[in-house]
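Residue numbering for the sequence shown follows the numbering used here, starting at 347 and increasing by one per position.
The beta carbon of each residue, even a glycine, is placed where N, CA and C say it ideally should be.
As the structure is a computational prediction, the values presented were derived from the model and not from experiment.
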Amino acid sequence: MVKKLTCSIFIADLGDRSNSSSASSSHSSRTIYFKNDGTRFEPNICASTLKLSNENRYRFRIVLKSTPSSISAIRINDIPMQYQCRYDDDDECVELSFEMDARQISIAANHGRTRLIIQIDFMDFHHLDLGIQTKFYDRCDSHLTWGQPFRSLIAEAESSSSSLKFNDKNFVLTKMNFLSM
347 MVKKLTCSIF IADLGDRSNS SSASSSHSSR TIYFKNDGTR FEPNICASTL KLSNENRYRF
407 RIVLKSTPSS ISAIRINDIP MQYQCRYDDD DECVELSFEM DARQISIAAN HGRTRLIIQI
467 DFMDFHHLDL GIQTKFYDRC DSHLTWGQPF RSLIAEAESS SSSLKFNDKN FVLTKMNFLS
527 M
């Protein structure tokens, strides 16, 4: 039996937090952008690139539907994240939230695209890797704000037991769409 998992990803730019008063007063107006890639990029599951500042912190909110079990860990590019979970009444839906500091992410040396991989582990040995093609820019680079305003990302995955590890059950990403404001 194939299990399907859907998730919605929302990301908020929290700024660089170097000056907490200015970061908190202006974070509601920070818009994140993405661009649809041209044909020179290999289209994988998704043909869009998320644009983030390499100096800022970001709050992620992920809503998962049809989860196989409770969440046991979340990482971004193998960096453990402290997270909060909130389950709905029938445990079919879970909302995860956590913050990421972009300065902790290993960015491509040539300022090329980086695969931002959100790794979600479940208590029953299932796991999901959400690979988001991302380009990090300096805060003052005008390319950071080129493209379409990012609203959310919708992803779908199906279960697969192709792993060689005992009791390791992977979800394989089948679709990922960026939504604009």
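My understanding is that residue i touches residue j, with C-beta atoms under 8 Å, so please give their C-beta distance in whole angstroms.
{"i": "C486", "j": "I408", "result": "Actually they are not in contact, since the Cβ atoms of C486 and I408 sit about 30 Å apart, beyond 8 Å."}
{"i": "L476", "j": "N423", "result": "Actually they do not touch by this definition, with Cβ atoms about 11 Å apart."}
{"i": "I355", "j": "S498", "result": "6 Å"}
{"i": "L351", "j": "S412", "result": "5 Å"}
Look up residue i in the DSSP assignment and say whether it is helix, strand or coil.
{"i": "T413", "result": "coil"}
{"i": "Q465", "result": "strand"}
{"i": "S488", "result": "helix"}
{"i": "D363", "result": "Per the sequence shown, residue 363 should be read as Arg rather than Asp. If DSSP states are grouped into helix, strand and coil, R363 belongs with coil."}
{"i": "R376", "result": "coil"}
{"i": "Q494", "result": "strand"}
{"i": "A454", "result": "coil"}
{"i": "A393", "result": "coil"}
By the 10 Å Cβ neighbour count, where 16 or more other Cβ atoms means buried, how is residue i classified, buried or exposed?
{"i": "N523", "result": "exposed"}
{"i": "S418", "result": "exposed"}
{"i": "I478", "result": "buried"}
{"i": "N402", "result": "buried"}
{"i": "I425", "result": "exposed"}
{"i": "S374", "result": "Low per-residue confidence applies at S374: pLDDT is 46, beneath 50, and the placement is therefore not dependable enough to give any value."}
{"i": "G458", "result": "exposed"}
{"i": "A454", "result": "exposed"}
{"i": "T520", "result": "exposed"}
{"i": "D529", "result": "Residue 529 lies beyond the residue range present for the chain, which begins at 347 and ends at 527; the question has no answer from this structure."}
{"i": "S452", "result": "exposed"}
{"i": "D359", "result": "buried"}
{"i": "T480", "result": "buried"}
{"i": "Y483", "result": "buried"}
{"i": "K397", "result": "buried"}
{"i": "S399", "result": "buried"}
{"i": "Y433", "result": "exposed"}
{"i": "S526", "result": "exposed"}
{"i": "S394", "result": "buried"}
Check whether the region 435 to 445 and the region 474 to 490 touch, using three or more Cβ-Cβ pairs below 8 Å as the test. no
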